[in-house]
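Participant:
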Amino acid sequence: MRRSVIIGCGAYLPKRVIDNAEMSRLVDTTDEWIIQRTGIKTRHIAAEGEFTSDLAVAAAEGALARARRTAADIDLVILATSTPDNTFPATATTVQARLGIDQGAAFDIHAVCTGFVYALSVADAMIRTGAHRRALVIGAETYSRILDWSDRTTCVLFGDGAGAVVLEAREEEAELAGRGILATKLRADGRHKSKLYVDGGPSTTQTTGHLRMEGKEVFKLAVGMVPGIVHDILGEEGLKASDIDWFVPHQANERIILATADKLGIPREKVILTVADHANTSSASIPLALDRAVADGRIKEGDLLLLEAMGGGFTWGAALVRW
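If you read the sequence shown in the numbering used here, its first letter stands for residue 68, the second for the next number, and so on.
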């Protein structure tokens, strides 16, 4: 059957690093408090004049190089971001132009921290129909631009970064042993908007606004909601948690990640954790984690991966991928 196979991944983190010691000089917090509650040690911050599109292009170039493909091979660019360069046009079109891609389609997807899973699902569907042959799926964010740097409950949690994958249409065996994206599942429930949102926008305040979050409520909902969609996608594919080789979750908070893995019955040694090094990079966090685990040799061809994320909206989703 026609499947979307990931043939390369790439990542980019800005050079500027703020560790917890520096954070403690900006707001009333401590290294111990941040690590104990989140597991975060450092975060990367985009330089002045460095935009979401710059991060996305760098990650995409890495993915293309590892996939051994060029701009001429790509006919679809989907960028997951909640921090676009401009209200319009879609930042994906800026990325498309800078990469030298002059065919196919390019657009943004806005599902906050679940953005990469949403984008992966859409790209997979478009490839399966035969409408497109190869896609660049990117998650890129500059959250430093929407943080209230006087709010210690939020500014310590987020960072900037980008990750990307190249998807290619391949004929694979229909069974679960075949490579590629096996299944995706997406959900949303707008009733929880007030628990995690940005208090600005072109239609409401005509300003960018700042990120606002009820941390305890988000933690509770994340640990409660995510296992449900994971059980659903595993059940529909006839799989169990024990079949998963690697759990690659959205890197928001180490406590949330480990609590979710425990609830699912996934051993902690199978969890890919990178949040300590780059904090919550929203839609960029899953491809950043993928890139790290592929580069260091943990993820190998044939491994079964479970991706999951939850973000403002609320949105949440999961994907099963045979690497």
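Don't be surprised by glycine CBs; every beta carbon is placed ideally from N, CA and C.
Rounded to whole angstroms, what is the Cα-Cα separation between I366 and T274?
Facilitator: Computed Cα separation, rounded: 42 Å.
Participant: Tell me whether H111 sits in a helix, a strand or coil according to DSSP, three-state version.
Facilitator: Three-state DSSP puts H111 in a strand.
Participant: Three-state secondary structure (DSSP) at G267?
Facilitator: Reduced to three states, the DSSP call for G267 is coil.
Participant: Once the 5 residues before and after L80 are set aside, which same chain residues still bring their CB inside 7 Å of it?
Facilitator: Within the same chain, L80 has close Cβ partners H111, G228 and H345.
Participant: Quick one: using the 10 Å Cβ neighbour count with 16 as the cut-off for buried, is Q170 buried or exposed?
Facilitator: When all chains shown are included, Q170 counts as exposed.
Participant: Go ahead and pull the three-state DSSP assignment for N87.
Facilitator: Reduced to three states, the DSSP call for N87 is helix.
Participant: Residue range of the beta strand (DSSP E) that A172 falls in?
Facilitator: Residues A172 to I176.
Participant: On the DSSP bridge assignment, give the partners of I205 in chain order.
Facilitator: DSSP output for I205 lists L146 and A231 as bridge partner(s).
Participant: Note down the Cα distance separating I194 from I141, rounded to an integer number of angstroms.
Facilitator: Near 12 Å, if we compare the C-alpha coordinates of I141 and I194.
Participant: Count the other CB atoms within 10 Å of the CB of P269; is the residue buried (16 or more) or exposed (fewer)?
Facilitator: P269 should be labelled exposed.
Participant: Determine which residues share a DSSP beta bridge with L372 and list them.
Facilitator: Paired residues: W313 and V388.
Participant: Just checking my contact of I339 with V232 at CB under 8 Å: how many whole Å lie between their CB atoms?
Facilitator: Not confirmed; about 15 Å, so no contact.
Participant: Can you say whether T341 is buried or exposed, counting buried as having 16 or more other CB atoms within 10 angstroms of its CB?
Facilitator: With 16 or more other Cβ atoms within 10 Å, it is buried.
Participant: Could you check where the alpha helix (DSSP H) with I194 kicks off and where it finishes?
Facilitator: Start and end: G182 to R195.
Participant: Helix, strand or coil: which one does DSSP assign to E238?
Facilitator: Of the three classes helix, strand and coil, the one that applies to E238 here is strand, per DSSP.
Participant: Rounding to the nearest angstrom, what Cα-Cα distance links D175 and A147 in this structure?
Facilitator: Spanning the two alpha carbons is a distance of roughly 6 Å.
Participant: When you compare the CB positions of V88 and D98, do they come within less than 7 Å of one another, or not?
Facilitator: Reading the sequence as shown, one finds Ala at residue 88 and not Val. Result yes, Cβ atoms of A88 and D98 sit closer than 7 Å.
Participant: Do you know how far the Cα of A241 is from the Cα of G247?
Facilitator: Distance between the alpha carbons of G247 and A241: 10 Å.
Participant: I'd like to know if the segment 253–264 and the segment 220–227 are in contact, where contact means that at least 3 CB-CB pairs between them fall below 8 Å.
Facilitator: With a cut-off of 8 Å, the segment 220–227 and the segment 253–264 do not count as touching, because too few Cβ pairs lie within range.
Participant: Taking the alpha-carbon of A386 as reference, which of F183, K108, A130 and I101 has the nearest alpha-carbon?
Facilitator: The shortest Cα separation from A386 among F183, K108, A130 and I101 belongs to F183.
Participant: From the DSSP output, which residues share a beta bridge with Y79?
Facilitator: A229, per the DSSP bridge assignment.
Participant: Verify whether the separation of the beta carbon atoms of L372 and W313 is less than 7 Å.
Facilitator: Result yes, Cβ atoms of L372 and W313 sit closer than 7 Å.
Participant: Report buried or exposed for G380, applying the criterion of at least 16 other Cβ atoms within 10 angstroms of its Cβ.
Facilitator: With 16 or more Cβ atoms within 10 Å of its Cβ, G380 is classed as buried.
Participant: Give me the Cα-Cα distance between T154 and P316, rounded to the nearest whole angstrom.
Facilitator: Near 29 Å, if we compare the C-alpha coordinates of P316 and T154.
Participant: DSSP has T274 in a bridge; who is on the other side?
Facilitator: Note: T274 sits in a beta bridge opposite G268.
Participant: Can you tell which of G369, T382, C76 and I353 has the C-alpha that lies nearest to the C-alpha of A132?
Facilitator: The residue with the shortest Cα to Cα distance from A132 is C76.
Participant: With burial defined as no fewer than 16 other Cβ atoms inside 10 Å of the residue's Cβ, what is the status of E368: buried or exposed?
Facilitator: It counts as exposed.
Participant: Apart from the five residues on each side of it in sequence, which residues of its chain come closer than 6 Å, Cβ to Cβ, to A207?
Facilitator: Taken in chain order, the residues that qualify are T119, L122, A123, T148, A229 and A351.
Participant: So which of I213, T251 and Q103 has the shortest CA-CA distance to L278?
Facilitator: Minimum Cα distance to L278 is reached at I213.
Participant: Give me the Cβ distance between A173 and A190, rounded to the nearest whole Å; I'm assuming they're in contact under 8 Å.
Facilitator: With 8 Å as the limit, A173 and A190 do not qualify as a contact, their Cβ atoms being about 12 Å apart.
Participant: Can you tell me where the beta strand (DSSP E) holding T251 begins and where it ends?
Facilitator: Unbroken beta strand (DSSP E) run through T251: G247 to A255.
Participant: Could you pull the start and end residues of the alpha helix (DSSP H) that S261 belongs to?
Facilitator: Looking at the DSSP string, S261 is not in any alpha helix (DSSP H), and its letter there is neither H nor E.
Participant: Strictly by DSSP, which residues pair up with W100?
Facilitator: The partner list for W100 (beta bridge, DSSP) is empty, contrary to what the question assumes.
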